[in-house]
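Engineer:
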Amino acid sequence: DAKTTQPNSMESNEEEPVHLPCNHSTISGTDYIHWYRQLPSQGPEYVIHGLTSNVNNRMASLAIAEDRKSSTLILHRATLRDAAVYYCILKGRGSTLGRLYFGRGTQLTVWP
Amino acid sequence: DTEVTQTPKHLVMGMTNKKSLKCEQHMGHRAMYWYKQKAKKPPELMFVYSYEKLSINESVPSRFSPECPNSSLLNLHLHALQPEDSALYLCASSQLGGGSGELFFGEGSRLTVL
Chain A
10 DAKTTQPNSM
20 ESNEEEPVHL
30 PCNHSTISGT
40 DYIHWYRQLP
50 SQGPEYVIHG
60 LTSNVNNRMA
70 SLAIAEDRKS
80 STLILHRATL
90 RDAAVYYCIL
100 KGRGSTLGRL
110 YFGRGTQLTV
120 WP
Chain B
21 DTEVTQTPKH
31 LVMGMTNKKS
41 LKCEQHMGHR
51 AMYWYKQKAK
61 KPPELMFVYS
71 YEKLSINESV
81 PSRFSPECPN
91 SSLLNLHLHA
101 LQPEDSALYL
111 CASSQLGGGS
121 GELFFGEGSR
131 LTVL
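Just so you know, the protein sequences line up as chains A and B, in that order. In case it helps, the numbering used here puts the first sequence at residues 10 to 121. In case it helps, the numbering used here puts the second sequence at residues 21 to 134.
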């Protein structure tokens with residue numbers, strides 16, 4: 010599975026937008042870009058995924074670079090509950106099994 | 021029901037004990053997973069089951085023995101563990117097929133081996 014690179018940590022103030030970057034320069038044409046987050050003392054939870062086009066859902070937006078070598082998860086207004094480790098993961102379209110291989114992720118701290 | 025339920029939430033065991041972790045889902049998912057997560061590290065894949073058959077074993081020591089008795093249940097049998105096996109054990113499930121499906125995770129079972 011192709012590798013992703015994320016900053017170890019980022020900080021934000023409450024109610025401000027947060028842009029979490031992810032580099033995936035070795036992405037293949039059939040890899041989906043997935044984002045999960047893990048709140049303290051909980052299992053990871055799905056946030057969003059995309060293939061080529063930008064995506065929006067109730068939790069976040071995903072902006073994918075035109076060459077697909079990087080992407081950005083956007084939280085439009087951070088809340089204290091958004092403090093978590095955010096993982097950017099590539100998942101092959103041809104993968105029958107949905108397994109995910111997690112990288113180190115970005116620890117997001119949100120200040121009141 | 022979009023929940024994956026794991027029991028017990030906490031488990032303390034000695035190195036000579038035999039214990040089991042249990043995972044249950046009722047979303048009709050045919051793929052189930054065990055992950056291990058050490059403190060301040062990302063989850064590491066251990067096993068993958070598809071249609072109740074073991075599909076992937078990521079070179080996990082035999083003291084961990086998975087079992088999938090039916091499409092809703094996944095067990096992890098533990099025997100002769102070492103203190104370094106202390107970790108959070110996460111179960112997940114998903115639909116099979118394609119790169120777009122999401123995994124649903126339980127809250128985990130926190131294991132301490134004395």
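Ideal placement from N, C-alpha and C gives every residue a C-beta, glycine not left out.
So which of A:Pro121, A:Leu71 and A:Thr115 has the shortest CA-CA distance to His43 of chain A?
Structural biologist: A:Leu71
Engineer: Check each candidate in B:Gly121, B:Ser113, B:Leu74 and B:Ser129 and name the one with the smallest Cα separation from Met47 of chain B.
Structural biologist: With respect to the C-alpha of Met47 of chain B, the residue from B:Gly121, B:Ser113, B:Leu74 and B:Ser129 having the closest C-alpha is B:Ser113.
Engineer: On the DSSP letters alone, give me the boundaries of the beta strand (DSSP E) that Ala51 of chain B sits inside.
Structural biologist: Going by DSSP, Ala51 of chain B is part of the beta strand (DSSP E) stretching over Ala51 to Gln57.
Engineer: Would Lys58 of chain B pass as a contact of Ala107 of chain B if the rule is Cβ separation under 7 Å?
Structural biologist: yes
Engineer: Are the CB atoms of Gly121 of chain B and Gly107 of chain A within a distance shorter than 7 Å?
Structural biologist: The Cβ-Cβ distance between Gly107 of chain A and Gly121 of chain B falls below 7 Å.
Engineer: Using the rule of at least 16 other Cβ atoms within 10 Å of the residue's Cβ for burial, across every protein chain shown, is His49 of chain B buried or exposed?
Structural biologist: buried
Engineer: Start and end of the beta strand (DSSP E) containing Thr115 of chain A?
Structural biologist: Thr115 to Trp120
Engineer: Under DSSP, the beta strand (DSSP E) around Asp40 of chain A begins and ends at which residues?
Structural biologist: Its beta strand (DSSP E) spans residues Asp40 to Gln47.
Engineer: Which same chain residues, not among the five before or five after Leu96 of chain B, have their C-beta less than 7 Å away from its C-beta?
Structural biologist: A distance below 7 Å between beta-carbons, with the five flanking residues on each side excluded, links Leu96 of chain B to the following residues of its chain, in chain order: Ser40, Leu41, Trp54, Phe84, Pro86 and Tyr109.
Engineer: Using beta carbons (cut-off 7 Å, strictly below), is Arg46 of chain A in contact with chain B?
Structural biologist: no
Engineer: Please identify the residue among B:Asn77, B:Ser129, B:Gln102 and B:Tyr69 whose C-alpha is closest to the C-alpha of Gln115 of chain B.
Structural biologist: B:Tyr69
Engineer: Using a C-beta to C-beta distance shorter than 7 Å, which residues of chain A count as neighbours of Glu127 of chain B?
Structural biologist: Gln51 and Gly52
Engineer: Assign Glu104 of chain B to one of three DSSP states: helix, strand, or coil.
Structural biologist: Of the three classes helix, strand and coil, the one that applies to Glu104 of chain B here is helix, per DSSP.
Engineer: Run through chain B and tell me which residues come within less than 7 Å of Leu109 of chain A, C-beta to C-beta.
Structural biologist: Per Cβ cutoff of 7 Å: Leu123.
Engineer: What are the boundary residues of the beta strand (DSSP E) that includes Ala72 of chain A?
Structural biologist: Residues Ser70 to Ile73.
Engineer: Step through the CB atoms of chain A and report whether any lies within less than 7 Å of the CB of Gly48 of chain B.
Structural biologist: no
Engineer: Nearest chain A C-beta to Gly119 of chain B closer than 7 Å, yes or no?
Structural biologist: Answer yes: the Cβ-Cβ gap between Gly119 of chain B and chain A drops below 7 Å somewhere.
Engineer: Along the beta strand (DSSP E) that carries Phe84 of chain B, what are the first and last residues, could you check?
Structural biologist: Phe84 to Asn90
Engineer: Let me check understanding here. Comparing Cα to Cα, which of B:Lys61, B:Thr25 and B:Ser75 lies closest to Phe67 of chain B?
Structural biologist: B:Ser75
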